[in-house]
Amino acid sequence: MNPTPDALMQDTPAMLLAAGRGERMRPLTDRHPKPLLAVQGRPLLQWQLEALARDGCRRVLINTAWLGQQIQDHFGPQFPTTQGPLTLSYSDEAADFGGALETAGGIARALPRLGEVFWLAAGDVFAPDFVFDPQALAQFRAGTALAHLWLVPNPAHNPRGDFGLSPEGLALNLSADQPGPRHTYSTIGLYRAELFTTPWCDIAAGNPQGQAAALAPLLRRAMDAGRVTASLYTGRWTDVGTPERLAQLNEHQNVPLNEPQNAA
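Okay, so the sequence shown: first residue is 0 according to numbering that gives the first Met the number 0, each after it adds one.
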């Protein structure tokens, strides 16, 4: 008997990316890691944790580097939610290698703890309407795509976008001279561990050498082979990359912008 989408959701882990230095957010990130900065009364990372728990995820791995111990101290090994505790674990890239490994390097490092399929999301993106959909997970698991990306309309800071989207739902690696609209990668996706092996990725299993590597080149190789699918997400979404964007989100909130807030 095949597991239900809800059962698949419970068995599928998520990885939240929280290792970046947040240079553009300085001086706010001089004392606190960006995922702990408050958006509307909650740490940025907490919004993703609550959404994952709401939609049925039960296990999350968080990679850290800059001031990462603050993230571990704040959330601990379990995050309480109304759906029950969310089990948290950490991949401490600073302790292991002295700093962040970039996105693909960090995923490759954590991969032995994630399994065949996993959700991926950035810990510094505000997307309160996004649903980690069990049906989308079931469809992805049943297919052969190496990744499924959620794309968003291009924000002002990324007007050219990142990837195209075909009518058939394939993500497209469009060059600058190719026609067609491009959309921005939301940093939310479903991934198959196979993407982080040859021929797509040359990092050794578990990244024992701490090789830093970006994610986009892997995705573009897989797109060229027709192995990446995508959907367009049009709900609220903000890449909280500057103090100005953070201030806009908190404009009508009586929340200090440079202090983390306690989890609810």
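Cβ coordinates follow ideal geometry from the N, Cα and C atoms, glycine included. What you are looking at is a predicted structure, and each value in this text was computed from that prediction instead of being measured.
Asked: Between which two residues does the beta strand (DSSP E) holding residue 13 run?; Found: 13 to 17
Asked: Please report the straight-line C-alpha distance between residue 59 and residue 28, rounded to a whole angstrom.; Found: 23 Å
Asked: When burial is assigned at 16 or more other CB atoms within 10 Å of the CB, is residue 45 buried or exposed?; Found: buried
Asked: Grab me the residues of residue 199's own chain with a C-beta within less than 8 Å of its C-beta, minus the 5 sequence neighbours each way, in chain order.; Found: 145, 193, 217, 220 and 221
Asked: According to DSSP, is residue 138 part of a helix, a strand, or is it coil?; Found: helix
Asked: Can you give the beta carbon distance from residue 109 to residue 90, rounded, assuming they're within the 8 Å contact cut?; Found: 4 Å
Asked: Would you mind giving the Cβ-Cβ distance between residue 80 and residue 52, rounded to the nearest angstrom? I have them listed as a contact below 8 Å.; Found: 4 Å
Asked: Using DSSP with H/G/I as helix, E/B as strand and the rest coil, what is residue 191?; Found: strand
Asked: Under 7 Å, do residue 5 and residue 207 count as touching if we go by C-beta distance?; Found: no
Asked: Quick one, are the C-beta atoms of residue 117 and residue 242 less than 7 Å apart?; Found: no
Asked: What residue range does the alpha helix (DSSP H) around residue 102 cover?; Found: 101 to 109
Asked: Assign residue 150 to buried or exposed, taking buried as 16 or more other Cβ atoms, counted over all protein chains shown, within 10 Å of its Cβ.; Found: buried
Asked: If I'm right that residue 87 touches residue 75 with Cβ under 8 Å, what's the distance once you round it to whole angstroms?; Found: 7 Å
Asked: Does the beta-carbon of residue 245 have 16 or more other beta-carbons within 10 angstroms, so that it is buried, or is it exposed?; Found: buried
Asked: Does residue 131 come out as helix, strand or coil in the three-state DSSP assignment?; Found: coil
Asked: According to DSSP, which residues form a beta bridge with residue 89?; Found: 61
Asked: Report buried or exposed for residue 147, applying the criterion of at least 16 other Cβ atoms within 10 angstroms of its Cβ.; Found: buried
Asked: Please state whether the Cβ-Cβ distance between residue 92 and residue 62 is less than 7 Å.; Found: yes
Asked: Grouping DSSP H, G and I as helix and E and B as strand, with all else coil, what is residue 75?; Found: coil
Asked: Enumerated in chain order, which unbroken segments of the alpha helix (DSSP H) with a length of 4 residues or greater are wholly contained in the segment 194 to 238?; Found: 215 to 223
Asked: Could you pull the DSSP bridge partners for residue 248 from this structure?; Found: The partner list for residue 248 (beta bridge, DSSP) is empty, contrary to what the question assumes.
Asked: What are the start and end residues of the alpha helix (DSSP H) that includes residue 51?; Found: 43 to 53
Asked: In chain order, what residues of the same chain have a beta carbon less than 7 Å from the beta carbon of residue 95, not counting five sequence neighbours either side?; Found: 209
Asked: Cβ atoms of residue 9 and residue 83: under 7 Å apart, would you say?; Found: no
Asked: Could you work out which residue in 189, 196, 161 and 105 is closest to residue 136 when comparing CA atoms only?; Found: 189
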